[in-house]
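Working notes, structure below.
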Amino acid sequence: MPLRDSLRARVARLVDGIDWSLRSARRATLGLALGLASAGLAADANWTHWRGPHANGTAPEADPPTTWDGASGKNIRWRTELVGKGSATPIVWGGQIFIASAEQTDRVAKPEEIPDPKNRPPPRPGYERQTTEPVNFFRFIVSSYARDTGKLLWRKVVAELVPHEGHHATHSYAAGSPTTDGERLYVS
1 MPLRDSLRAR VARLVDGIDW SLRSARRATL GLALGLASAG LAADANWTHW
51 RGPHANGTAP EADPPTTWDG ASGKNIRWRT ELVGKGSATP IVWGGQIFIA
101 SAEQTDRVAK PEEIPDPKNR PPPRPGYERQ TTEPVNFFRF IVSSYARDTG
151 KLLWRKVVAE LVPHEGHHAT HSYAAGSPTT DGERLYVS
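Taking our numbering, the leading residue of the sequence shown gets 1, the next gets one more, and so forth.
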């Protein structure tokens, strides 16, 4: 496969047929995404934001695997469990991979702690809200993993609150990808 093929096209071929439902996402490991990030992106070493080093879903010098097997471990360098749910793109800086996630707690909000729906903007045309507004508090988490081993380097709860609205059925409350300038990590 020519190196000039876009990573986006390669990943599209890889994920064909994968069940991306929330049920499977809950049980899924982060290994696939992080394994691809750690194994196939050496030439474009730092992915500082969403969609890679060029912000267009390509890594012209990369040659990621196009097949893998979870049972045998073929083309999977490592795998690890993700705390909570996250639909954000991991980012890579140096020897670290950063990922955002949100974990529902058992703590139910009092009525005065639930954000008033009148204070949120109206939905954009064509925008779908597929879930109901939550009543539980969520922990918003940023985790750092070693790029070469998948070992958890650190994990930080950056906020614990009740989200102000539901989310699309195939996403999570941690849908925004982190970004970095090489000195600071930014997460929204």
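All C-beta atoms, glycine included, are put in the ideal place defined by N, C-alpha and C.
Residues bridged to residue 156 [DSSP beta-bridge criterion]: The residue you call residue 156 lines up with position 156 of the sequence shown. According to DSSP, which records beta bridges pairwise, residue 156 is partnered with 142.
Under three-state DSSP, which class holds residue 119? Position 119 of the sequence shown, counted from the start, is the residue given in the question as residue 119. Residue state, collapsed to three classes: helix.
Residue 66 versus residue 45 - alpha carbon distance: Translated into positions along the sequence shown, residue 66 becomes position 66. Translated into positions along the sequence shown, residue 45 becomes position 45. Using only the alpha carbons, I get a separation of about 19 Å.
Whose CA, out of 179, 163, 107, lies closest to the CA of residue 172? Here residue 172 refers to the residue found at position 172 when the sequence shown is read from its first residue. Out of 179, 163, 107, 163 has the C-alpha closest to the C-alpha of residue 172.
For residue 103, does the three-state DSSP call read helix, strand or coil? As a working mapping, residue 103 is identified with position 103 in the sequence shown. Strand at residue 103.
Could you spell out where the beta strand (DSSP E) holding residue 92 opens and where it closes? Residue 92 sits at position 92 when you count from the first residue of the sequence shown. Where residue 92 is concerned, the enclosing beta strand (DSSP E) stretches over 91-93.
Measure the alpha-carbon distance for residue 156 versus residue 92 and round it to whole angstroms. Your numbering for residue 156 matches position 156 in the sequence shown. Your numbering for residue 92 matches position 92 in the sequence shown. If I take the Cα positions, the gap works out to 17 Å.
From 153, 181, 132, residue whose alpha carbon lies closest to that of residue 166: Stepping through the sequence shown from its first residue, residue 166 is reached at position 166. That would be 132, whose Cα lies nearest to the Cα of residue 166.
Does the beta-carbon distance from residue 176 to residue 141 come in below 8 Å? Locating residue 176 in the sequence shown gives position 176, counting from the first residue. Locating residue 141 in the sequence shown gives position 141, counting from the first residue. Not in contact: residue 176 and residue 141 (Cβ atoms no closer than 8 Å).
Cβ neighbour criterion (16 or more within 10 Å) applied to residue 101: For the purposes of this step, residue 101 is taken as the residue at position 101 of the sequence shown. Under this definition residue 101 is a buried residue.
Could you tell me the alpha carbon to alpha carbon distance between residue 95 and residue 146, rounded to whole angstroms? To locate residue 95, count along the sequence shown from 1; it is residue 95. To locate residue 146, count along the sequence shown from 1; it is residue 146. Using only the alpha carbons, I get a separation of about 6 Å.
Suppose contacts are defined by Cβ-Cβ distances below 8 Å. Is residue 50 in contact with residue 89 by that definition? Taking the first residue of the sequence shown as 1, we reach residue 50 at position 50. Taking the first residue of the sequence shown as 1, we reach residue 89 at position 89. Yes, the Cβ-Cβ distance between residue 50 and residue 89 is below 8 Å.
Buried or exposed by the 16-neighbour rule on C-beta atoms within 10 Å, applied to residue 71: Here residue 71 is taken as the residue at index 71 of the sequence shown, counted from 1. With fewer than 16 other Cβ atoms within 10 Å, it is exposed.
Once you ignore the five residues that flank residue 56 on each side, which residues in its own chain have a CB closer than 6 Å to its CB? On the sequence shown, position 56 is the one that residue 56 refers to. Here the set comprises nothing.
To which residues of the same chain is residue 159 closer than 8 Å at the C-beta, ignoring the five residues directly before and after it? Taking the first residue of the sequence shown as position 1, residue 159 is located at position 159. Same-chain partners within the cutoff: 139, 140.
Same chain, Cβ closer than 6 Å to residue 122, five either side skipped, listed in chain order: By one-based count along the sequence shown, residue 122 stands at place 122. Around residue 122: no qualifying Cβ.
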